[in-house]
Amino acid sequence: MNLMTETDQRVFSSTASSVENSKFAKALKAEFPIFHAYPDLIYTDNGATTQKPARVLVAEQDFYTRSCANVHRAIYTLGEEATSRYEEARKTIAEFIGAKPEECIFTRGTTEAINLLAHSFGETLSAGDEIILTEMEHHANIVPWQQLASRRGIKLRYIPIYDDGILNLDILPQLLNRRTKLIAVTMISNVLGTRNHVEHIIAQAHSAGVPVLLDAAQAIPVEPINVKELDADFVAFSGHKMYGPFGIGLLYGTRKWLEALPPFMGGGDMISEVGLEGFTPNEVPYKFEAGTPPIAQAVGMAEAARWLSSIGHQAAGNYESELGQLLIDEISLIPGLRILGAQPGFPLGPRAGIVSVTLEGVHAHDLAAYLNRHKITVRAGHHCAHPLAQRLGVVSSARFSFGAYNTREEVFTIAEILQKAHKELL
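By full-length UniProt numbering, the letter at position 248 of the sequence shown is numbered 248, and the numbering carries on one by one without gaps.
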C-alpha cells in the first residue's frame with residue numbers, strides 16, 4: 001500500500017519531529033483494514049491488543065490457502081511446506097529478539113508462556129524456596145506463581161513501588177538471599193506504562209546466581225529486545241500485542257535452562273520415544289510444544305515482526321511515548337482527574353504510551369462508555385492487576401494505550417472529550 005498520500009516519510013524516525021511522525025502514523029492507517037471499516041475510530045486499547053496490518057492477515061490466510069497441513073514427520077510435499085514455514089517463522093522471531101531458534105518455544109500467548117515456566121521451573125523447587133515478583137505485575141505473572149506456592153510450599157516476595165509508579169529497587173538486595181530461585185518482573189507496566197530498570201534487576205540477580213524472567217508483553221511492540229544484550233534467562237510475550245494474530249506467543253529461554261527443565265505438557269511431538277514404562281522427551285524447543293502447534297498464527301506473528309522492523313521499531317515506540325506524555329500534558333489540569341503514577345512536582349520516569357486515569361465521582365466504566373459514544377476506545381477496570389490497583393487505592397481506571405497508528409490530533413480530541421466528560425458526567 002502507498003503511504004505517500006500523507007507524507008514523504010517512510011518510517012518512524014527518532015530525528016523527525018513528533019508532528020512529522022504523527023503524519024506518518026496517519027498515513028500508516030491505510031495498512032490496517034479495521035480503519036477502512038471504521039475510519040473515525042480512535043483506537044487506544046493497544047495495551048489489550050493491537051490492530052493487524054493487512055500483510056499479517058494475508059500471511060496467515062496464505063498459509064491456510066497454500067500450505068495447510070500439520071507440521072513435522074510428514075513426508076508429503078504439503079506437509080513439508082507447512083513445516084518449513086513454521087520453522088522459518090521460529091527463525092524469524094528468534095532473529096527479531098536476538099535469540100537462537102532452539103531457544104524459542106511457541107505458546108498460545110504470554111499467559112501460557114509464564115504458566116509453562118511456572119510448571120517446569122517449579123518442578124525444581126523445594127518448600128521454603130523463594131521467588132521475587134513486584135507489586136505492579138499483571139495477574140499472568142502473579143497467579144501462576146501463587147499456584148506454585150500452594151503446591152510446593154515456596155514463598156513469594158514482592159518489590160514495592162513508590163507512589164509515582166517506580167519500583168523501589170533499593171530494597172532488592174534485602175530480598176535476595178540463598179533461598180531466592182527466580183525473579184519474575186514485567187518490563188513495562190500494563191497499567192502505568194512504567195518502563196522498569198530490568199537491566200539493573202538482571203545484574204543484581206545474576207550477581208546472586210538468580211535467573212530472571214521478563215514479562216515483555218507490553219515491551220515487545222514498543223522497543224527492540226535483544227535477549228543476549230539484556231542477558232535475560234527467560235522472556236515471555238504475545239503475538240497479538242505486536243500487531244500479530246491472536247493465539248500465539250513465545251517463551252524464550254537460554255538453552256542451558258531449557259535443557260535442564262522438564263516438559264510442561266505431555267503428548268505428541270514433545271517426545272523422542274514412548275514405551276509402556278515411560279518416555280524420553282524430545283530435544284529443545286520441541287519438548288515444550290506438545291500437540292499441534294498454532295502453525296498459521298506463527299506465520300502471522302513472524303510477518304508482524306518483519307512489519308514492526310520495517311516501520312522503525314524503536315522510533316515508533318518513542319513516538320507512542322510522546323503521545324502518552326502529550327495526553328498527560330493536555331489533561332493534567334482537568335479538575336478531579338487523576339493520572340495514575342503521576343505525582344505533582346515529580347518528573348515522570350521512562351514510560352511507554354500508556355496512561356490510566358480516574359475521574360472523581362465517575363466510575364471508569366461510565367467514563368469508558370462516554371468515550372465510546374465519541375468513537376474512542378479505552379480499557380476500563382483493574383486491567384488484570386488487582387494488587388497494583390489496591391496499592392494505588394483505586395477500584396478501577398480508564399486506560400489509554402497508544403499504537404503506531406495513533407496521531408497527535410487524536411490525543412487532542414481525547415483531551416477535549418475528557419474535558420466534556422468532567423462537565424457532563426458529574
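Don't be surprised by glycine CBs; every beta carbon is placed ideally from N, CA and C.
Please state the DSSP three-state secondary structure of I417. Walking along the sequence shown from the start, residue 417 turns up at place 417. Reduced to three states, the DSSP call for I417 is helix.
In three-state DSSP terms, what is P285? Sequence index remark: in the sequence shown, residue 285 carries index 285 (1-based). Three-state DSSP puts P285 in coil, outside helix and strand.
Throw me the rounded Cβ distance for the F63 and I295 pair, which I believe falls under 8 Å. Your numbering for residue 63 matches position 63 in the sequence shown. Your numbering for residue 295 matches position 295 in the sequence shown. Confirmed, about 7 Å.
Range of the contiguous alpha helix (DSSP H) that encloses I142: Position 142 of the sequence shown, counted from the first residue, corresponds to residue 142. First-last for I142: undefined, no H or E at that position.
Quick one: grab the DSSP three-state call for E130. On the sequence shown, residue 130 is found 130 positions in, with the first residue counted as 1. Here E130 sits in strand by DSSP.
Go through the region 180-228 residue by residue and report every complete run of the alpha helix (DSSP H) that reaches 4 residues or more, in order. 198-207
Can you tell me whether N318 is buried or exposed, with buried defined as 16 or more other CB within 10 angstroms of its CB? Here residue 318 corresponds to residue number 318 of the sequence shown, with the count starting at 1. With 16 or more other Cβ atoms within 10 Å, it is buried.
From P53 to F35, what does the alpha carbon distance come to, in whole angstroms? Within the sequence shown, residue 53 is the residue found at index 53, counting from 1. Within the sequence shown, residue 35 is the residue found at index 35, counting from 1. Near 10 Å, if we compare the C-alpha coordinates of F35 and P53.
Note down, in chain order, each residue of its chain lying with its Cβ closer than 7 Å to the Cβ of E322, except the 5 sequence neighbours on either side. Taking the sequence shown and counting its residues from 1, the one referred to as residue 322 is at position 322. Taken in chain order, the residues that qualify are S18.
Under DSSP, the alpha helix (DSSP H) around A91 begins and ends at which residues? Position 91 of the sequence shown holds residue 91. Checking the displayed sequence, the identity of residue 91 turns out to be Lys instead of Ala. Taken as a continuous stretch (DSSP letters only), the alpha helix (DSSP H) holding K91 covers T77 to F96.
Start and end of the beta strand (DSSP E) containing L175? Residue mapping note: residue 175 aligns to position 175 of the sequence shown, counting from 1. Not the beta strand (DSSP E): L175 falls in the alpha helix (DSSP H), residues L172 to L175.
Could you give the residue range of the beta strand (DSSP E) that holds K155? Taking the sequence shown and counting its residues from 1, the one referred to as residue 155 is at position 155. K155 to I159 is the extent of the beta strand (DSSP E) around K155.
Inter-residue spacing [alpha-carbon to alpha-carbon] between P350 and S332: In the sequence shown, counting from the first residue as 1, residue 350 sits at position 350. In the sequence shown, counting from the first residue as 1, residue 332 sits at position 332. If I take the Cα positions, the gap works out to 18 Å.
If I measure Cβ to Cβ from G361 and keep anything under 7 Å in the same chain, skipping five residues before and after, which residues do I get? Residue numbering aside, residue 361 sits at position 361 when the sequence shown is read from its first letter. Here the set comprises G336 and L426.
Which first and last residues belong to the beta strand (DSSP E) in which A398 is found? To locate residue 398, count along the sequence shown from 1; it is residue 398. That run of the beta strand (DSSP E) goes S397 to S401.
Inspect the beta-carbon positions of G165 and G381 and report whether they are closer than 7 Å. As a working mapping, residue 165 is identified with position 165 in the sequence shown. As a working mapping, residue 381 is identified with position 381 in the sequence shown. Not in contact: G165 and G381 (Cβ atoms no closer than 7 Å).
Identify whether L3 lies in helix, strand or coil by the three-state DSSP scheme. Within the sequence shown, numbered from 1, the residue matching residue 3 stands at position 3. For L3, the predicted structure reports a pLDDT of 40, less than 50, and the residue's modelled location is therefore unreliable. A value from the coordinates is still provided. Looking at L3 - three-state DSSP - the assignment turns out to be coil, as it is neither helix nor strand.
Exposed unless 16 or more other CB atoms sit within 10 angstroms - verdict on A260: As a working note, residue 260 is residue 260 in the sequence shown. It is exposed - the Cβ of A260 has fewer than 16 other Cβ atoms within 10 Å.
Contiguous alpha helix (DSSP H) assignments of at least 4 residues, all confined to the region 5-48: 18-28 and 33-37
Going by DSSP, name the residue or residues bridged to E273. Walking along the sequence shown from the start, residue 273 turns up at place 273. For E273, which the question treats as bridged, DSSP gives the partners T280.
Segment limits, beta strand (DSSP E) that includes L251: Counted from its first residue, the sequence shown places residue 251 at position 251. G249 to G253 is the extent of the beta strand (DSSP E) around L251.
Among M265, T49, G300 and W307, which residue has its Cα nearest to the Cα of K287? As a working mapping, residue 287 is identified with position 287 in the sequence shown. Answer by Cα proximity: M265.
Which term fits P33, buried or exposed, when burial requires 16 or more other beta carbons within 10 angstroms of its beta carbon? Indexing the sequence shown from 1 puts residue 33 at position 33. Exposed is the call here.
Going by Cα to Cα distance, which pick from V227, G393, V378 and G268 is closest to N70? Walking along the sequence shown from the start, residue 70 turns up at place 70. Taking only the C-alpha atoms, the option nearest N70 is G268.
With a CB to CB cut of under 7 Å and the five nearest residues on each side skipped, what residues in its chain are close to A208? For the purposes of this step, residue 208 is identified with residue 208 of the sequence shown, where counting begins at 1. Non-local beta-carbon contacts of A208 in its own chain, meaning distances under 7 Å to residues more than five positions away in sequence, involve L176 and T180 in chain order.
I'd like to check one pair, L169 with residue 429: are the Cβ atoms closer than 7 Å? Residue 429 cannot be examined here, being either before or after the span of the chain that is shown, 1 to 426.
Could you check the C-alpha separation between V222 and E80 for me, to the nearest Å? As a first step, residue 222 must be located in the sequence shown, where it is residue number 222. As a first step, residue 80 must be located in the sequence shown, where it is residue number 80. Distance between the alpha carbons of V222 and E80: 34 Å.
Closest by C-alpha distance to W307, when choosing among Q9, T15, Y158 and L28: Here residue 307 is taken as the residue at index 307 of the sequence shown, counted from 1. The shortest CA-to-CA distance from W307 to any of Q9, T15, Y158 and L28 is the one to L28.
Out of curiosity, what's the CA-to-CA distance linking V56 and F246? Here the question's residue 56 lines up with position 56 in the sequence shown. Here the question's residue 246 lines up with position 246 in the sequence shown. Roughly 11 Å separates the two Cα atoms.
Which residues bound the alpha helix (DSSP H) around F234? The residue labelled residue 234 in the question sits at position 234 within the sequence shown. Under the DSSP assignment, F234 falls outside any alpha helix (DSSP H), being part of the beta strand (DSSP E) whose first and last residues are F234 to S238.
Sort A415, H386, Y405 and H119 by Cα distance to H138 and report the nearest one. As a working mapping, residue 138 is identified with position 138 in the sequence shown. Cα-wise, what sits closest to H138 is H386.
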